[in-house]
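*Asks:* Just so you know, we're using the working numbering here: the sequence shown kicks off at 990 and counts up by one. The structure that follows is given in the form of structure tokens.
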Amino acid sequence: MQTEGERQKNFFNVCGTCKINCCWDARPPITERREKIILEYLKRHGIRVENPFVHAEYTFPRETADGYCTFYDKATRKCIIHPVKPETCVAGPITFDINAKTGKIEWYLKMEKICPLAGVLYRDKALLAKHFETARKEILQLVRELAPEALRTILKREEPD
């Protein structure tokens, strides 16, 4: 398993200046293992978040009254749990679907209009390859660990471009 630092070595400083807000209405899936890791991180760093998760058809971070992820800090425009954030957050702007006929994962790079980082990656193939390797590991881990019904539910969610 990768350490906190290793899974984040592909962090790009594009996100801190982005005005698009991928942390709004995102609802990234949280596995039982990731939930424990996040709760331990919050405790270890003395970060208090009241009822941080919603346990519904699948588990995801609670949203604030205005629809942002509870872990999003509006002042810094960064994630307060960045080193241990959900797998799909690490993978972004690479996303996935599972082909119903083949059962294989299909990979996608979001459009630059919804994620400036996608444009950076699209123009720098070496950077894209490096980030894809991290994204691939994170998503494969997520797919392995999610309960089948949770995976089916998240695959039904519409993704923006």
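Every residue, glycine too, gets a C-beta built ideally from N, C-alpha and C. The structure displayed is predicted, hence computed values, not measured ones.
1) Tell me, to the nearest whole angstrom, how far the beta carbon of Pro1018 is from that of Pro1075; I am working on the premise that it is less than 8 Å.
2) On the criterion of 16 or more Cβ atoms from any shown chain inside 10 Å, does His1120 qualify as buried, or is it exposed?
3) Under 7 Å between C-beta atoms, does Pro1082 make it to chain B?
4) Flag this pair as touching only if the stretch 1006-1013 and the stretch 1051-1062 have three or more C-beta atom pairs under 8 Å; answer yes or no.
5) When you compare each of Asp1086, Lys1102, Thr1123 to Arg1146 by their alpha carbons, which one comes out closest?
6) Tell me whether the stretch 1131-1146 and the stretch 1019-1039 touch, counting them as touching only if at least three CB pairs, one residue from each stretch, are closer than 8 Å.
7) Counting only the same chain and skipping the five closest in sequence on each side, list residues whose C-beta sits under 6 Å from that of Gly1056.
*Replies:* Taking the coordinates as given:
1) Correct: roughly 7 Å between the Cβ atoms.
2) With 16 or more other Cβ atoms within 10 Å, it is buried.
3) In the structure shown, chain B does not exist; there is a single protein chain.
4) With the cut-off at 8 Å, the stretch 1006-1013 and the stretch 1051-1062 touch.
5) Looking at Asp1086, Lys1102, Thr1123, the one whose alpha-carbon comes closest to that of Arg1146 is Asp1086.
6) Touching, per the Cβ criterion.
7) Close CB contacts of Gly1056 within its chain, under the 6 Å cut and outside five residues either way in sequence, are with Trp1013, Asp1014 (chain order).
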